[in-house]
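Here this note's numbering = 1-based position in the sequence shown + 11.
Quick reminder that beta carbons are idealized off the backbone N, C-alpha and C, glycines included.
The structure displayed is predicted, hence computed values, not measured ones.
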Amino acid sequence: MTTYRNPTPTVDIIIELIDRPHRPIVLIERQNPPHGWAIPGGFVDYGESVETAAKREAEEETSLQVTLIEQFQVYSDPNRDPRQHTLSVVFLATAIGEPRAQDDAKAIRVFDLWELPPSLCFDHGQILTDYRQYRNYGLRPRLAPRL
């Protein structure tokens, strides 16, 4: 019998705080490896939709109740997570209030898009570059051509 291996599904949630000027975003500092700053998110549980996982992970890590606005993009580079091959469904969401670090978030901070930290985990630097292009100019990420 053939055994299949598939990427593990995850979600990431770019949370805009709409009750603040310039709609800054929330990032967490990871408590567990890989260390650094990251977009809130995590693994999708068996039997859970990606939308439900996004809301759950956002609340678990930031204590914020989010409103999902849209599915932004799927990121699936096999090397995006050093622990294992994952694919992430990235959502854009809004929230109001004061985020608090919870679950596996060591710290939490609100960042304007022009002042992001240099030590971003995973492929979150690319995700946030794509998001900045989308938010500033309405440009969606283009798929890289396969050769």
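Measuring C-alpha to C-alpha distances from D134 to each of D23, I107, T14 identifies D23 as the nearest.
The distance from the Cβ of T21 to that of S87 is about 10 Å, inconsistent with a contact at the 8 Å cut-off.
Between W125 and the set E70, D114, R146, the nearest pair of CA atoms involves R146. A distance below 6 Å between beta-carbons, with the five flanking residues on each side excluded, links G53 to the following residues of its chain, in chain order: E68.
Spatial neighbours of D114 in its own chain (CB-CB distance under 7 Å, excluding positions within 5 residues in sequence) are listed in chain order as E71, E72.
Look at L79 here: in three-state DSSP terms it is strand. Distance from G108 to L75 at the Cβ level is roughly 6 Å; contact confirmed, criterion being Cβ atoms closer than 8 Å. Distance between I36 and R120, taken at the CA atoms: about 8 Å. Bridge partners of I24 according to DSSP: F102. Nearest to V61 by C-alpha distance, out of L150, L131, L103, is L103. Restricting attention to E59, N17, D30, P152, the CA atom closest to the CA of V85 is found in P152.
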